[in-house]
Amino acid sequence: MKKQYETVIGLEVHVELATKTKIFCACSTAFGGAPNTHTCPVCTGMPGTLPVLNKQVLEYAVAVGLAMNCEITRYCKFDRKNYFYPDNPQNYQISQLYLPICRNGYVEIETEEGKKKVGIHEIHMEEDAGKLIHDEWEGCSLVDYNRSGVPLIEIVSEPDMRDAKEVIAYLEKLRMMIQYLGASDCKLQEGSMRADVNLSVREVGTEAFGTRTEMKNLNSFRAISRAIEGERERQIELLEAGNAVIQETRRWDDAKGESYAMRSKEDAQDYRYFPDPDLPPIEVDESWLEEMKAKQPEFREGKMKRYKEEYDIPEYDIEIITASKCMADLFEETVKLCGQPKKVSNWLMVETLRLLKERGMEPEDIRFSPSNLAKLIRLADEKVINSSVAKEVFEAMFDNDMDPEKYVEEKGLKTVCDEGALKKAVEEVIAANPKSVEDYRNGKEKAIGFLVGQTMKAMKGKADPGKVNEMLRGML
Numbered sequence: 018m019k020k021q022y023e024t025v026i027g028l029e030v031h032v033e034l035a036t037k038t039k040i041f042c043a044c045s046t047a048f049g050g051a052p053n054t055h056t057c058p059v060c061t062g063m064p065g066t067l068p069v070l071n072k073q074v075l076e077y078a079v080a081v082g083l084a085m086n087c088e089i090t091r092y093c094k095f096d097r098k099n100y101f102y103p104d105n106p107q108n109y110q111i112s113q114l115y116l117p118i119c120r121n122g123y124v125e126i127e128t129e130e131g132k133k134k135v136g137i138h139e140i141h142m143e144e145d146a147g148k149l150i151h152d153e154w155e156g157c158s159l160v161d162y163n164r165s166g167v168p169l170i171e172i173v174s175e176p177d178m179r180d181a182k183e184v185i186a187y188l189e190k191l192r193m194m195i196q197y198l199g200a201s202d203c204k205l206q207e208g209s210m211r212a213d214v215n216l217s218v219r220e221v222g223t224e225a226f227g228t229r230t231e232m233k234n235l236n237s238f239r240a241i242s243r244a245i246e247g248e249r250e251r252q253i254e255l256l257e258a259g260n261a262v263i264q265e266t267r268r269w270d271d272a273k274g275e276s277y278a279m280r281s282k283e284d285a286q287d288y289r290y291f292p293d294p295d296l297p298p299i300e301v302d303e304s305w306l307e308e309m310k311a312k313q314p315e316f317r318e319g320k321m322k323r324y325k326e327e328y329d330i331p332e333y334d335i336e337i338i339t340a341s342k343c344m345a346d347l348f349e350e351t352v353k354l355c356g357q358p359k360k361v362s363n364w365l366m367v368e369t370l371r372l373l374k375e376r377g378m379e380p381e382d383i384r385f386s387p388s389n390l391a392k393l394i395r396l397a398d399e400k401v402i403n404s405s406v407a408k409e410v411f412e413a414m415f416d417n418d419m420d421p422e423k424y425v426e427e428k429g430l431k432t433v434c435d436e437g438a439l440k441k442a443v444e445e446v447i448a449a450n451p452k453s454v455e456d457y458r459n460g461k462e463k464a465i466g467f468l469v470g471q472t473m474k475a476m477k478g479k480a481d482p483g484k485v486n487e488m489l490r491g492m493l
């Protein structure tokens, strides 16, 4: 009988925090600057420089820990993790090994079997390293220290996940919670959220864990899913062939769909950790912690419940809108301005989602303001513009956040209310389409749709379709 294997997965998730400045200096954390322009003697590791902790980093770390049901360490320290690599200018990384800021938490995810708790072993604060750029043309490697010293939290899970679906559900839950807190934008494509996957396999029913490997270079949910499946298969093949799995760090190549060994897996002692002598310990007092608890936002679950009670919109709409804090904020602000939740929801669920998909954008990339969406809804409600013109205006607003009222005025898109002009257009369409007129009089209802379309075309789309329909039926 063939052996059955179970996959055991734990994650180390690095999240770049949304501070304006770095963790231990005043350099900018903005993404995409020219190489080595967001640097100073502190983040480039010059001798004699002293780090000073950015308080906002501590606040974000504690906020994330509270959201994930963690115990907050009241007395914690920073440690030096020593290793030598060109993107690490000090030859050590300031991190937390012995007393991390958060411990023993959990998040709840939805699985096919129902709700499941994934344990959070710890969350610690640390600085990011620089970035190596390998120039194959010149045959050299260049280093950019802009990212060096950007603040990170590392969220270390317990090995509680059993397949790729659970991992993705866990990562989506983390990303959503962190975005709701405003602690990070969690853009995987920009590296502000990165996941390393620790994976082992064992025979079903076995208590002991197998030998684990750590998978790096995972910057999309698709790559993470593929890497998990690929590594699971690789380890099972090794075991089936009577070989041992080696504990090592592996790099996933998503283009080739395979991984390769980078280095043997280090243990803590290999880094010669010791308390950082330049940074004093952090003491978290009760009153400040209570303040932090009071600042916790309304998360998705709370919003879903409130939306159901407060707004008369479908549950499906609620699920989609609350999946993104950006979308939820846009919805609420627009409803405050126009008082029409269903119409706001319709614009978000249909046209907004369509354009996001077409443009390859995320809800966080939406540029139009609640006030302009509210204005567009009012223009359509008051029949200043018709529904097809409203879609055209919305698309222009989506791309450039321009004022819909000014746009309609400048482009001459207002609905023509001149009854004489409309009557003349309808008469001409009736005269030009005797076959459709005859079809309609013979009971073919579809014919009226064609005639309405022809009239709208003649009016350059600037008539009220309902009014056109009514006038055509009257004349026929």
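Under my numbering, think of the first position of the sequence shown as 18, with each following residue one higher.
For every residue, glycine included, the Cβ atom is placed at its ideal position computed from N, Cα and C.
Residue environment, residue i, which counts as buried when at least 16 other CB atoms sit within 10 Å
| i | result |
| --- | --- |
| E183 | buried |
| I150 | exposed |
| Q196 | buried |
| V410 | buried |
| W364 | buried |
| W154 | exposed |
| Q110 | buried |
| C44 | buried |
Cβ-Cβ separation, residue j to residue i (assumed contact under 8 Å), whole Å
| i | j | result |
| --- | --- | --- |
| T230 | E248 | 6 Å |
| C42 | G166 | 6 Å |
| I338 | F348 | 5 Å |
| Y187 | V135 | 5 Å |
| I394 | V361 | 7 Å |
| P358 | I330 | 6 Å |
C-alpha gap between residue i and residue j, whole angstroms
| i | j | result |
| --- | --- | --- |
| E88 | R192 | 20 Å |
| N260 | G227 | 13 Å |
| M309 | V79 | 8 Å |
| I26 | L354 | 46 Å |
| R120 | G49 | 33 Å |
| L70 | W305 | 17 Å |
| Y77 | L116 | 17 Å |
| M414 | R317 | 27 Å |
| N105 | K133 | 38 Å |
| Y101 | N108 | What sits at residue 101 in the sequence shown is Phe, not Tyr. Their backbone Cα atoms lie some 5 Å apart in a straight line. |
| M232 | T90 | 29 Å |
| L396 | Q471 | 24 Å |
| A522 | P52 | For residue 522 there is no data in the structure shown, the boundaries of the chain being 18 and 493. |
| D435 | E127 | A caution first: D435 carries a pLDDT of 48, below 50, which makes its placement in the model unreliable, though a value can still be read off. When rounded, the distance between both Cα atoms is 57 Å. |
| K322 | L198 | 18 Å |
| I245 | M85 | 24 Å |
Start and end residues, alpha helix (DSSP H) containing residue i
| i | result |
| --- | --- |
| W305 | E303 to A311 |
| L198 | A181 to L198 |
| N215 | From DSSP, N215 is part of no alpha helix (DSSP H) but of the beta strand (DSSP E) over M210 to E220. |
| Q494 | Residue 494 lies beyond the range of the chain shown here (18 to 493); nothing can be said about it. |
| P358 | P358 to N363 |
| I337 | E332 to T339 |
| K159 | Contrary to the premise, residue 159 reads as Leu rather than Lys in this sequence. Looking at the DSSP string, L159 is not in any alpha helix (DSSP H); the run it does join, the beta strand (DSSP E), is C157 to D161. |
| Y424 | P421 to K428 |
| M344 | K342 to C355 |
Residue i, enclosing beta strand (DSSP E) - first and last residue
| i | result |
| --- | --- |
| T128 | C119 to T128 |
| P168 | P168 to S174 |
| K37 | First-last for K37: undefined, no H or E at that position. |
| M495 | Lying before the first or after the last residue shown, residue 495 is absent from the chain, which here runs from 18 to 493. |
- Message: For the pair the region 192-205 and the region 28-38, tell me if three or more CB-CB distances fall below 8 Å.
- Response: yes
- Query: Are at least three pairs of beta-carbons, each pair with one atom in the region 409-424 and one in the region 388-397, less than 8 Å apart?
  - Reply: yes
- Meets three-Cβ-pair contact criterion under 8 Å: the region 366-382 and the region 338-346: yes
- Message: I'd like to know if the region 207-217 and the region 234-253 are in contact, where contact means that at least 3 CB-CB pairs between them fall below 8 Å.
- Response: yes
- Message: When you compare the region 55-64 with the region 94-101, are there three or more beta-carbon pairs, one atom per stretch, that lie closer than 8 Å?
- Response: no
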